[in-house]
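From first to last, the protein sequence lines stand for chains U and P.
Residue numbers for the first sequence follow the numbering used here, beginning at 1 and rising by one.
Residue numbers for the second sequence follow the numbering used here, beginning at 108 and rising by one.
Notes follow once the structure below has been shown.
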Amino acid sequence: MQEPTFLILTALAARPLHGYGIIQAVQTLSTGEVKMRPGTLYGALDRLTDQDLIAVEREEAVEGRLRRYYRLTDHGAAALSTEAARLRRRAETAETQLRGRAIPGLA
Amino acid sequence: MSTSDWPQAEPALERAYRRLLYVYPHSYRHRHGTELVTTLLEMAEPGRTRPAAADVRHMIITGVAQRFRLPSGRPLATAAAVLALLGGAALGAAGTSWAAAQTFAALPTEARGAQILTLLAGTPTTIDVNTYYGTPDTGASVSGTTSVRRAAWDPAAARDRLTADGWQVGPLRDTDRLDAPVPGPEHGFQATRDGLLLTAHGESDVVTATVHVAGNTLLRPAVATGLLLGAVSGWLFAGAVARRRSRLAALFAAGTLTVLFAPVWSLSAATVTVFTEPPFGTGVRTVHSVLQPGSFWPPGPAWMSGLWPSTPWAGIGLVAFGLLLAAATIAVSPACPDRPAPSREVAL
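Here it is as structure tokens:
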């Protein structure tokens, strides 16, 4: 799973969000490292919808404006959970390796 | 919900964003256009009246990318897109090959052919010149035979006469035409002038000459351009059909690919020939010539030759029917497929 996908699914894990809400959440979750643009976002949302990882929850419309709220599906939640566990294992492995690292000058 | 938390923006900015939406495919605009503009307005800083250059660049790049994108998780759509790319490339190459051929020299008349043969023979006896329409890969030619009056043919003198007449004459070669009825040394050479290719052959006092259209330097770049444009068009067509998510459109698309298979096969082989055969041989090789009505070879691989009636119009007929089916593929399906409708609230 690529990082933007992981961040979008994470952003939707707690509650449904509309496009701008997802962009803001992704930026916050990545501590400013990932800034999504709308064109990229909606392409990604289409792809995730096709993969049944997210779904449209509801729409709000007023005076030619539209906010469409997306939610995580059960399949999406399972995929996110699996990815989170995989990343956790990777991080633990990295930390274990770092703890066993020889300190220069003591070898 | 109140309207106070909805983005307020300059009408000019909103109009500019809506104009930029046209870079995206129709179905994408229908599905995401309004929410994309809403998001862009929410992200715009107060007072902005024109889209930022970075936003314009981003929308153009993502819009074009959307047009090339295929729906994920549909391997059949990907396979069809690859076939459409190949088919489009072959048809594009045929189209630009035909356009380039319009700039070729015209085949000489039989009277002009007789003049050339006279020049070649020096003092000819009876001249017999005819026009042949040839096989698709050699094209038409004007060909004639004569004999030299009371002497053997002198190829060196013939080359001098042609050079004086403005022909660019190639080297003299000993030929070995075992089927020639007259015993004796055989010689031949080729010459070009004004986009025509002359192939001369002589044995004893008998001289034969064949004139083909030689083509020009425009052909290969034109075919390469047609290949590229056709490939892109084929892929975009497949993408547009795949986005329609219509079973009927999928059936028509399958029919299109099936009908076009044989002519595209032949066009592909002809395209390879254009780039691999030397420019001077038995005349110019073009891509579109395999579609010209003729009874030499039916379109497609050899094993398909018995599948349809032997008609001179088989190649061009299949292409015309295939293109008709391609147009019908677009016509029979809605441009914007329906998705399950979410619940909608209208803010007050």
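We treat Cβ as the ideally placed atom computed from N, Cα and C, and that holds for glycine.
Along the segment 30 to 43 of chain U, going in chain order, the ones with a CB nearer than 8 Å to a CB of chain P are Arg37, Pro38, Gly39, Thr40, Leu41, Tyr42, Gly43.
Under a criterion of Cβ atoms nearer than 9 Å, the residues of chain U adjacent to Met150(P) are, in order, Tyr20, Ile23, Arg37, Pro38. For Thr169(P), a Cβ of chain U is located within less than 8 Å of the residue's own Cβ. For the pair Phe359(P) and Leu432(P), the CB atoms are nearer than the 8 Å cut-off. In this structure, the CA atom of Thr73(U) is about 15 Å from the CA atom of Glu83(U).
DSSP places Gln97(U) in the uninterrupted alpha helix (DSSP H) bounded by 74 to 99. Between the alpha carbons of Ala265(P) and Ala208(P) lies a distance of about 30 Å. Counting along the chain, Leu305(P) sits inside no alpha helix (DSSP H); it lies in the beta strand (DSSP E) bounded by residues 303 to 310.
The beta carbon of Ala345(P) is closer than 6 Å to those of Ala187, Ala188, Ala191 in its chain, skipping five residues each way along the sequence. Contact check for Val130(P) against Met166(P) passes: the beta carbons are separated by less than 8 Å. Only those residues of the segment 171 to 186 of chain P whose C-beta falls short of 9 Å from the nearest C-beta of chain U are listed: Ala172, Gln173, Arg176, Pro178, Ser179, Gly180, Arg181. Sequence-distant Cβ neighbours of Asp52(U) in its own chain, meaning closer than 8 Å and more than five residues away, are Thr73, His75, Gly76.
Under DSSP, the beta-bridge partners assigned to Phe296(P) are Ala307(P).
With respect to the C-alpha of Pro182(P), the residue from Pro278(P), Ala349(P), Trp410(P) having the closest C-alpha is Ala349(P). The beta carbon of Arg157(P) is closer than 8 Å to those of Ala119, Leu120, Ala123 in its chain, skipping five residues each way along the sequence. Under the three-state reduction of DSSP output, Arg125(P) falls in the helix class.
Non-local C-beta neighbours of Val366(P) in its own chain, meaning closer than 7 Å and more than five positions away in sequence, comprise Leu425, Phe428, Gly429, Leu432, ordered along the chain.
Setting aside the 5 residues that flank it on each side, Gly170(P) is surrounded in the same chain by Val130, Tyr131, each with a C-beta closer than 7 Å to its C-beta; the list follows chain order. Annotation note: the segment 31 to 76 of chain U contains the following uninterrupted beta strand (DSSP E) runs of length 3 or greater, listed N- to C-terminal: 54 to 62, 65 to 72.
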